[in-house]
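**Q** Those protein sequences? They're chains A and B, same order as listed. Position one of the first sequence corresponds to residue 1 (this note's numbering), numbered consecutively onward. Position one of the second sequence corresponds to residue 1 (this note's numbering), numbered consecutively onward. Handing you a structure now.
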Amino acid sequence: MAFDVETVRKDFPILSREVHGVPLVYLDSANSAQKPQVVIDAEADLYANHYANVARAVHTLGSEVTNAYEGARDKVAAFLNAPSRDEIIFTRNITEALNLLAYSLSNATTFPGAERFRLVPGDEIVVTEMEHHSNIVPWQLLAQRTGATLRFIPIDASGPNSGRLVESAIDDVINERTKVVSFVYQSNALGTINPVKRIAARAKAVGAISIVDAAQAAPHLPLDVQDLGADFVAFTGHKLYGPTGVGVLWGRYELLAQLPPFLGGGEMIETVDVGGSTFAVPPHRFEAGTPMIAQAVALGTAVDYVTAIGMPEIRQHERSLTAYALDGLLTIDGLRIIGPATAIDRGATISFTLPGIHPHDVAQLLDEQGIAVRAGHHCARPVCVRYGIPATTRASFGVYTTTDEIDALVRGVDTVREIFT
Amino acid sequence: MSESMYQQIILDHYKHPQHRGLPEDFDAEVHHVNPTCGDEVTVRVKLADGAIVDLGWDGEGCSISQASTSVMSGLVIGKPVDDAMALQDTFLTLMQSRGNAELSEADEDELDDAVAFEGVSKYPARIKCALLGWMAMKSAVAEAGWGASAHNGAGKIADSAGEPG
Chain A
1 MAFDVETVRK
11 DFPILSREVH
21 GVPLVYLDSA
31 NSAQKPQVVI
41 DAEADLYANH
51 YANVARAVHT
61 LGSEVTNAYE
71 GARDKVAAFL
81 NAPSRDEIIF
91 TRNITEALNL
101 LAYSLSNATT
111 FPGAERFRLV
121 PGDEIVVTEM
131 EHHSNIVPWQ
141 LLAQRTGATL
151 RFIPIDASGP
161 NSGRLVESAI
171 DDVINERTKV
181 VSFVYQSNAL
191 GTINPVKRIA
201 ARAKAVGAIS
211 IVDAAQAAPH
221 LPLDVQDLGA
231 DFVAFTGHKL
241 YGPTGVGVLW
251 GRYELLAQLP
261 PFLGGGEMIE
271 TVDVGGSTFA
281 VPPHRFEAGT
291 PMIAQAVALG
301 TAVDYVTAIG
311 MPEIRQHERS
321 LTAYALDGLL
331 TIDGLRIIGP
341 ATAIDRGATI
351 SFTLPGIHPH
361 DVAQLLDEQG
371 IAVRAGHHCA
381 RPVCVRYGIP
391 ATTRASFGVY
401 TTTDEIDALV
411 RGVDTVREIF
421 T
Chain B
1 MSESMYQQII
11 LDHYKHPQHR
21 GLPEDFDAEV
31 HHVNPTCGDE
41 VTVRVKLADG
51 AIVDLGWDGE
61 GCSISQASTS
71 VMSGLVIGKP
81 VDDAMALQDT
91 FLTLMQSRGN
101 AELSEADEDE
111 LDDAVAFEGV
121 SKYPARIKCA
131 LLGWMAMKSA
141 VAEAGWGASA
151 HNGAGKIADS
161 AGEPG
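Here is the structure:
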């Protein structure tokens with residue numbers, strides 16, 4: 001069936017509400033996406049009809065809930081085209097997924113058999129200047145714990161390459177000293193889509209582990225972990241129309257099987273003795289304690305939902321919206337796009353500034369017109385520093401966004417400009 | 001659309017800020033920042049005979065922070081310090097009212113243009129913007145030696161410098 005945004009919108013109850021007496025125009029999906037009724041129902045249904053703890057109960061409910069939880073793992077594995085379901089680890093969100101890796105890597109310092117993951121002074125960890133704080137701070141802390149050095153692939157802040165990585169710097173920053181390369185697929189602040197295969201191949205060539213932060217990519221474009229060629233890919237559920245409190249880390253099995261655990265506790269062990277413990281095989285080695293059962297199951301439903309619409313269709317819809325929005329916004333006097341100014345290799349997230357008007361004023365006045373956008377540094381402060389600005393206003397789109405809503409945004413921003421002129 | 005947070009008075013003060021500029025002759029200077037919006041304001045005060053005889057400021061940031069500092073300046077210059085502190089307290093109460101302030105007529109008269117910020121109190125993320133200049137004024141007065149140990153430190157001093165020039 002052809003993609004029809006009006007049909008999609010009917011699936012999202014919140015889109016029919018009003019804000020300040022006008023219909024809600026929700027353009028903050030990159031922050032968190034709204035939920036379709038099927039996802040809301042899936043969580044409620046699990047609690048109402050099938051709830052018990054997973055993995056350890058032999059009774060009927062225990063079996064039902066375990067099947068539902070492990071079924072969600074199957075759905076996520078298929079969504080990512082992962083070679084094995086055992087490569088899917090449920091985490092609390094992407095921040096926890098990235099911290100899991102950073103702490104497992106430092107646990108390698110003393111963990112038997114994990115020599116290949118050890119970092120020592122002189123080793124380098126590489127991220128990019130367009131990372132979200134959750135893909136900077138865990139690595140700063142890992143560098144602090146191990147004595148390794150954190151390096152950044154720079155971005156251009158002007159010219160035709162504005163908002164993109166400096167291509168010529170990639171092979172220089174990723175070199176024979178590099179042990180870990182962790183980078184964002186699609187920037188949450190700029191909308192830029194990075195050359196993932198190119199960077200993953202460079203990391204592989206120098207023998208470094210590559211990690212892809214796909215938080216902003218998973219909701220917007222087809223993900224194929226085998227095609228990307230990276231070692232780890234992580235995303236979060238709530239941006240993919242799923243519940244809060246659940247994220248995913250995919251990793252190549254061979255690596256997961258050797259990586260030391262992060263959190264210790266129930267379900268992650270093989271046997272526990274007062275003298276020491278041995279650990280379960282992946283994925284359970286990395287899922288200590290009672291997991292986010294209902295949320296993981298509802299994330300499986302969200303994956304079914306977007307898969308039924310079709311990720312290529314969603315990508316196409318959002319690509320048209322992005323081009324339409326860039327055209328519209330650039331008609332506004334003085335408006336500056338922070339990030340790539342064309343729809344090529346960029347996602348449906350557009351940051352901008354208006355001369356003399358603070359982004360918080362823009363966002364507040366848009367809210368008074370029913371339009372929800374984000375203002376601030378988007379937890380990616382180095383991007384703002386690079387552009388020499390304190391903050392931006394950001395509009396981000398999703399499967400349910402319409403051209404009418406973008407028209408409302410453009411009118412709204414123009415109204416803001418008039419109020420301050 | 002419901003009533004805008006951006007009253008005309010606020011926009012006027014933002015576009016035409018009053019007492020903006022740092023006077024050469026001052027007793028204390030403070031610099032306050034609001035990390036939420038990245039707003040910054042520097043305030044210099046001059047006290048004499050128990051009154052604020054001069055106050056000037058410089059800053060950048062959102063319209064709420066800059067307009068509120070402008071309004072504050074106009075209200076406190078020439079006031080006895082005790083009255084300025086009482087007014088600061090009334091404004092703080094207004095900002096903490098979540099949009100349900102019950103001001104007496106006398107309070108409204110005293111607050112004058114500052115009443116326009118009542119709408120801001122409904123938005124927790126923006127209250128600090130409106131309070132920035134007022135908190136800086138309070139700190140600057142304390143820095144200048146007013147009340148010495150009585151100062152309760154309600155304002156966050158990010159950085160303070162400047163001896164009488």
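Quick reminder that beta carbons are idealized off the backbone N, C-alpha and C, glycines included.
Within 8 Å (strictly less), CB to CB, does Met1/B reach chain A?
**A** Numbered from its first residue, the second sequence carries residue 1/B at position 1. Any reading at Met1/B must be qualified, since the residue scores a pLDDT of 41, below 50, and its modelled position is unreliable; the value itself is stated next. True, the Cβ-Cβ gap to chain A drops below 8 Å.
**Q** Which full runs of the alpha helix (DSSP H) of 4+ residues lie inside the stretch 117-186 of chain A, going along the chain?
**A** Complete alpha helix (DSSP H) runs here, min 4: 137-146, 167-173.
**Q** Name the residue from Val81/B, Asp39/B, Thr69/B whose alpha carbon lies nearest to the alpha carbon of Gly61/B.
**A** For this step, residue 61/B is matched to residue 61 along the second sequence. Out of Val81/B, Asp39/B, Thr69/B, Asp39/B has the C-alpha closest to the C-alpha of Gly61/B.
**Q** In this structure, does DSSP put Asn34/B in helix, strand or coil?
**A** Locating residue 34/B in the second sequence gives position 34, where the first residue counts as 1. The answer is strand: DSSP assigns Asn34/B an E or B state.
**Q** Tell me whether Gly412/A is buried or exposed, calling it buried when 16 or more other Cβ atoms sit within 10 Å of its Cβ.
**A** Translated into the one-based positions of the first sequence, residue 412/A becomes position 412. Buried.
**Q** Taking DSSP's pairing of strands, which residues face Thr392/A in a bridge?
**A** Translated into positions along the first sequence, residue 392/A becomes position 392. Answer is Gly376/A.
**Q** Could you have a look at Phe232/A and say whether DSSP puts it in helix, strand or coil?
**A** As a first step, residue 232/A must be located in the first sequence, where it is residue number 232. Looking at Phe232/A - three-state DSSP - the assignment turns out to be strand.
**Q** Can the beta-carbon of Ala67/B be found closer than 8 Å to that of Val45/B?
**A** In the second sequence, residue 67/B corresponds to position 67, counting from 1. In the second sequence, residue 45/B corresponds to position 45, counting from 1. No, the Cβ-Cβ distance between Ala67/B and Val45/B is not below 8 Å.
**Q** Return the CA-CA distance between Phe12/A and Ser29/A, expressed in angstroms with no decimal places.
**A** As a first step, residue 12/A is located in the first sequence; it is residue number 12 there, counting from the start. As a first step, residue 29/A is located in the first sequence; it is residue number 29 there, counting from the start. If I take the Cα positions, the gap works out to 13 Å.
**Q** Report the neighbours of Leu168/B on chain A: residues whose CB is nearer than 9 Å to its CB, in chain order.
**A** This structure gives no information on residue 168/B, because the portion of chain B shown stretches from 1 to 165.
**Q** Note down, in chain order, each residue of its chain lying with its Cβ closer than 7 Å to the Cβ of Leu100/A, except the 5 sequence neighbours on either side.
**A** On the first sequence, residue 100/A is found 100 positions in, with the first residue counted as 1. Excluding sequence neighbours, Leu100/A sits near Thr91, Leu249, Phe262, Phe286.
**Q** Is there at least one Cβ from chain A nearer than 8 Å to Gly61/B's Cβ?
**A** Taking the second sequence and counting its residues from 1, one reaches residue 61/B at position 61. Closer than 8 Å to some Cβ of chain A, the Cβ of Gly61/B qualifies, so yes.
**Q** Which one of Pro121/A, Asp407/A, Ala201/A has the shortest CA to CA distance from Tyr324/A?
**A** Numbered from 1 along the first sequence, position 324 holds the residue referred to as residue 324/A. Out of Pro121/A, Asp407/A, Ala201/A, Asp407/A has the C-alpha closest to the C-alpha of Tyr324/A.
**Q** When you compare the CB positions of Ile153/A and Val180/A, do they come within less than 8 Å of one another, or not?
**A** Reading the first sequence from its first residue, position 153 is the one you call residue 153/A. Reading the first sequence from its first residue, position 180 is the one you call residue 180/A. Contact flag unset, no.
**Q** Quick one, which of Thr349/A, Pro121/A, Arg252/A, Leu24/A has its alpha-carbon nearest Arg145/A's?
**A** The residue labelled residue 145/A in the question sits at position 145 within the first sequence. Ranking the options by Cα distance to Arg145/A, first place goes to Pro121/A.
**Q** For the stretch 371-387 of chain A, which residues have a beta carbon sitting closer than 7 Å to at least one beta carbon of chain B?
**A** Listed by position, the residues of the stretch 371-387 of chain A near chain B (Cβ gap below 7 Å) amount to none.
**Q** To which residues of the same chain is Met1/B closer than 7 Å at the C-beta, ignoring the five residues directly before and after it?
**A** Indexing the second sequence from 1 puts residue 1/B at position 1. Unreliable placement is indicated for Met1/B, whose pLDDT of 41 sits below 50; no coordinate value is reported for it.
**Q** Rounded to whole angstroms, what's the CA-CA distance from Arg126/B to Met95/B? Just pull it up for me.
**A** Residue mapping note: residue 126/B aligns to position 126 of the second sequence, counting from 1. Residue mapping note: residue 95/B aligns to position 95 of the second sequence, counting from 1. One C-alpha to the other measures close to 10 Å.
**Q** Hey, is the stretch 241-248 of chain A in contact with the stretch 35-45 of chain A, meaning 3+ C-beta pairs nearer than 8 Å?
**A** Counting Cβ pairs under 8 Å, three or more are found: they touch.
**Q** My guess is that Glu131/A and Thr149/A are in contact by the Cβ rule of under 8 Å, so how many angstroms apart are they, rounded?
**A** The residue you call residue 131/A lines up with position 131 of the first sequence. The residue you call residue 149/A lines up with position 149 of the first sequence. At roughly 16 Å, the Cβ-Cβ gap does not stay under 8 Å, so Glu131/A and Thr149/A are not in contact.
**Q** Hey, is Arg44/B's beta-carbon within less than 8 Å of any beta-carbon in chain A?
**A** Here residue 44/B corresponds to residue number 44 of the second sequence, with the count starting at 1. Judged by the 8 Å Cβ criterion, Arg44/B is not in contact with chain A.
**Q** If contact is defined by three or more beta carbon pairs under 8 Å, each pair taking one atom from either stretch, is the stretch 264-272 of chain A in contact with the stretch 286-305 of chain A?
**A** Contact holds: three or more Cβ-Cβ distances are below 8 Å.
**Q** Check the Cβ of Arg126/B against every Cβ in chain A and list those closer than 8 Å, keeping chain order.
**A** For the purposes of this step, residue 126/B is taken as residue 126 along the second sequence, with counting starting at 1. By Cβ distance, chain A contributes His360, Gln364.
**Q** Residues of the stretch 19-43 of chain B in Cβ contact with chain A at a cutoff of 7 Å, in chain order, please.
**A** Taking 7 Å as the Cβ-Cβ cut-off against chain A, the residues of the stretch 19-43 of chain B that qualify are Cys37, Gly38.
**Q** With 16 other CB atoms within 10 Å as the buried threshold, where does Thr401/A fall?
**A** To locate residue 401/A, count along the first sequence from 1; it is residue 401. Buried, because 16 or more other Cβ atoms sit within 10 Å of the Cβ of Thr401/A.
**Q** Comparing the C-beta of Ser4/B with each C-beta of chain A, is any distance below 8 Å?
**A** By one-based count along the second sequence, residue 4/B stands at place 4. Answer yes: the Cβ-Cβ gap between Ser4/B and chain A drops below 8 Å somewhere.
**Q** Start and end of the beta strand (DSSP E) containing Ala48/B?
**A** As a working mapping, residue 48/B is identified with position 48 in the second sequence. Start and end: 39-48.
**Q** Name the residue from Phe420/A, Ile309/A, Asp361/A, Tyr26/A whose alpha carbon lies nearest to the alpha carbon of Thr7/A.
**A** Counted from its first residue, the first sequence places residue 7/A at position 7. Checking every option, the nearest Cα to that of Thr7/A belongs to Ile309/A.
**Q** Any chance you could list the beta strand (DSSP E) runs of at least 3 consecutive residues sitting entirely within the stretch 249-297 of chain A, in chain order?
**A** Runs found: 269-273, 276-279.
**Q** For Ala28/B, does the three-state DSSP call read helix, strand or coil?
**A** As a working mapping, residue 28/B is identified with position 28 in the second sequence. Looking at Ala28/B - three-state DSSP - the assignment turns out to be strand.
**Q** Looking at chain B, is there any beta carbon in it that lies within less than 8 Å of the beta carbon of Leu354/A?
**A** Residue 354/A sits at position 354 when you count from the first residue of the first sequence. No, no contact with chain B.
**Q** Of the residues that make up the stretch 386-400 of chain A, which ones have a beta carbon closer than 7 Å to any beta carbon in chain B?
**A** Those residues of the stretch 386-400 of chain A that come within reach of chain B (Cβ to Cβ, closer than 7 Å) are Pro390, Ala391.
**Q** Would you list the one or two residues that DSSP bridges to Phe352/A?
**A** If you number the first sequence from 1, residue 352/A lands on position 352. Answer is Ile337/A, Thr393/A, bridged to Phe352/A.
**Q** Would you say Asp159/B faces chain A, with C-beta separation under 8 Å as the test?
**A** Your numbering for residue 159/B matches position 159 in the second sequence. Because the pLDDT of Asp159/B is 38, which lies under 50, any placement of that residue in the model is unreliable, and the number read from its coordinates should be weighed accordingly. For Asp159/B, the answer is no, since every Cβ of chain A falls outside 8 Å of its Cβ.
**Q** Would Ile478/A pass as a contact of Ile389/A if the rule is Cβ separation under 8 Å?
**A** Absent from the structure is residue 478/A, since the part of chain A shown begins at 1 and ends at 421.
**Q** Is Glu368/A close to chain B, meaning its C-beta is less than 8 Å from at least one C-beta of that chain?
**A** Numbered from 1 along the first sequence, position 368 holds the residue referred to as residue 368/A. Closer than 8 Å: yes.
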